[in-house]
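Reviewing the structure listed below.
Protein chains in written order, with the working numbering: chain A, 42 to 442; chain B, 42 to 442.
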């Protein structure tokens, strides 16, 4: 059975009218004989509204209960979309993560999928129903509701596509992947296709169109992903395995991540166990660390900086208070005024000179960067937010993005 | 293990502040050593808001999907209340109907409970947790979410009390059961206690404080119910089995039901099969019929009137359109301007003259009634809404309510 998994994000289902409009398009595709599994997010800002209610009760709500709360957002959308499809005379059925049996570990708020049972879905598809699945949520072996973290609906969609051997279409409020976020650089070009690794760098480094875990999973299970506008009527971007038909530019695009917090720890006694202690404590809170840079030892002391997501501030502070007790000579500081710029291109593997060209650009334009890290297909910088626009413009010009 | 089941309705949990205030009182009782299972409704008007969204999509939404939608209301409350309890340093856990394993039949929107698994709850209680259960919802054998109908949270609370061999406390925004709804008749008296049958008549006939199915169940399983104000600091009313200490008045109270629609079917050919056909069609839609009255045959034709809840209008219209096809000679009409008044008292069984006194009162005051029905402990009338206030006043005066 050929199956298509489609995913609509919160903006795409942000009102009753939008839900009805999507229902119509789904019914049309169903009438063409397609077997559809549709994954949806919570409507508009409803996840934020639920989160705000929780925060009124306590700044650090119990995570199991927070998942119980947040999972209602998607449940509302699946019920409404399924009603709308039914009302158009087409059979439909909504399913929560628990009903699909999307089994996860018990890391509440950032759970990982362990298994998915496809039998229920295949039964419903064989009854000619459109299946509407709540994104972002799963269930533990004990029956506790979990959520997969921000962007988790993408992960749900790709996981379902993988288990159902289906293609995956991610519909959103942008019409594809651009070389640079068009809100930051209106002259950016839409990319026809890019490979998983590039998309991974673009997404994890902040393009914000599709969740990084979803791309990793798509890569692993070779699920091609179409990213397109939720009106479903304009060409989008395909993310797939690298092939020779893809453009051979050194630099494909640049991503911008404003949701970073740089943490600096200075005067750490030069001993590998100290650094290990810092990062293991942070890891124990499931905080993802990015852009680690370390200075060479001076007076037998080193400085380390790294970035985390701004959302992790609360959990991180608890860790740092602990560490300060254990390492009283160290000094801890935050900087939340930095932006991460990443220049990405699978062509960098074979073409040299990208890094050198970039350092020239920063120097010529007197743009100060705080950190620099590199991967095989990307180079990332943290710059002050005041320098952001200038940096984007000069880089876009040099690499014709 | 001695367990108390407490239930808080939508008004009682209508804001974050109210939820926090209930959490404090629960934590205090837990500290006194009580084992608490708390059943909550959706916050304030949230069920109506969800229902309105559904109605924007279609006037008659698919009932499975409507249950999927509405059940999120209670899920939000349990998560928030459990967070609030946790934030006060007391262990708590929220459970959906599905997690408690409240198994129901598959009559969506009006499901009946078949079984409840108490093991999970007993385990959590033995871990010293306050359990917060979503009222109004259950799950079918297939894992579909069901709801128990309006007032279903009361049914949840009493069912849990029955299975846990617990007492049941229903907290609401009125401080007990009055002889007449105090909003309609401010001089009404608060009743200290009444028996299940009286409460059943008062509730089913419209007192609106506690759901009729919950009282039936409490009666069946001999669960004493305390009904009190959600501030938990004033005396309320106890509903229990009749005993000799209860006051021996002929009339305990009067209930008023404004949510009725009188349906009249005239010129029905005088043949029992026709009447049976009408009511079996209505029953097949799970519409509850009340106050059936039938005229004696005239010209070999009869007229029948009966009342239903106003909410059932949509389903009922579909039935009547069918019937009109089958019985073209009959005429169908509605009247939504009537109110049902019921005079209730377990003492009526042994004391005669209540009916006679009432007919006198209606006659002397020139109040026209449309229908009259009687049970062992009650007499009910439908009167025009314009006559309501006068009727309440004269009846209250005659029976000193």
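For every residue, glycine included, the Cβ atom is placed at its ideal position computed from N, Cα and C.
These figures come from a predicted structure and were not determined experimentally.
- Judged by pairs of C-beta atoms under 8 Å, the stretch 260-274 of chain A does not touch the stretch 318-331 of chain A, as fewer than three such pairs exist.
- Bridge partners of residue 365 (chain B) according to DSSP: none are assigned.
- Residue 177 (chain A) sits in coil when the DSSP states are folded into three classes, being neither helix nor strand.
- For residue 258 (chain B), not one C-beta of chain A is nearer than 8 Å to its own C-beta.
- Residues of chain A whose Cβ lies closer than 9 Å to the Cβ of residue 113 (chain B) are, in chain order, 112, 113, 114, 116, 117 and 120.
- At the C-beta level, residue 386 (chain B) and residue 239 (chain B) come within 8 Å of one another.
- Counting along the chain, residue 61 (chain A) sits inside no beta strand (DSSP E); it lies in the alpha helix (DSSP H) bounded by residues 57-72.
- Using a C-beta cut-off of 8 Å, the stretch 91-109 of chain B makes contact with the stretch 113-123 of chain A, since at least three inter-stretch Cβ pairs fall below that distance.
- When B:359, B:420 and B:398 are compared, the shortest CA-CA separation from residue 381 (chain B) is found for B:420.
- The beta carbon of residue 374 (chain A) does not come within 8 Å of any beta carbon belonging to chain B, so the residue lies off that interface.
- For residue 49 (chain B), the pairing in a beta bridge is given by DSSP as B:81 and B:212.
- By the Cβ test, the stretch 198-208 of chain A is not in contact with the stretch 341-361 of chain A, since fewer than three Cβ pairs between them sit closer than 8 Å.
- Three or more beta-carbon pairs drawn from the stretch 182-201 of chain B and the stretch 252-265 of chain B are found closer than 8 Å, and the two stretches are therefore classed as touching.
- For residue 343 (chain A), no alpha helix (DSSP H) encloses it; the enclosing beta strand (DSSP E) starts and ends at 342-350.
- Residue pairing for residue 236 (chain A): DSSP places it in a beta bridge opposite A:281.
- Under the DSSP assignment, residue 422 (chain A) falls in the beta strand (DSSP E) whose first and last residues are 419-425.
- The shortest CA-to-CA distance from residue 309 (chain B) to any of B:408, B:368, B:379 and B:236 is the one to B:368.
- With respect to residue 78 (chain B), residue 162 (chain B) sits close: the two C-beta atoms are nearer than 8 Å.
- In terms of CA proximity to residue 101 (chain B), B:357 leads the group B:357, B:46, B:426 and B:425.
- The stretch 424-437 of chain B makes contact with the stretch 393-411 of chain B: 3 or more CB pairs, one atom from each, lie closer than 8 Å.
- In this structure, residue 229 (chain A) sits away from residue 129 (chain A), with a CB-CB distance that is not shorter than 8 Å.
- In the DSSP annotation of this structure, the continuous segment of the alpha helix (DSSP H) that includes residue 88 (chain A) starts and ends at 87-98.
- In the three-state scheme derived from DSSP, where H, G and I count as helix and E and B as strand, residue 335 (chain B) is classed as strand.
- DSSP links residue 412 (chain B) through a beta bridge to B:423.
- Per DSSP, residue 308 (chain B) is one residue of the beta strand (DSSP E) stretching across 301-310.
- In the three-state reduction of the DSSP assignment, residue 273 (chain A) falls in the coil class, being assigned neither a helical nor a strand state.
- With 16 or more other CB atoms across the displayed protein chains lying within 10 angstroms of its CB, residue 260 (chain B) is buried.
- With respect to the 8 Å criterion, residue 174 (chain A) and residue 145 (chain A) are not classified as neighbours on the basis of their beta carbons.
- Here residue 44 (chain B) really is in contact with residue 166 (chain B); their C-beta atoms are around 7 Å apart, less than 8 Å.
- Put simply, of A:181, A:362, A:267 and A:302 the residue whose alpha carbon is nearest the alpha carbon of residue 330 (chain A) is A:302.
- The beta carbon of residue 193 (chain B) sits no closer than 8 Å to any beta carbon of chain A.
- Considering only beta carbons, no part of the stretch 146-160 of chain B lies closer than 9 Å to chain A.
- Among the residues of the stretch 78-91 of chain B, those with a Cβ less than 8 Å away from any Cβ of chain A are 91, in the order of the chain.
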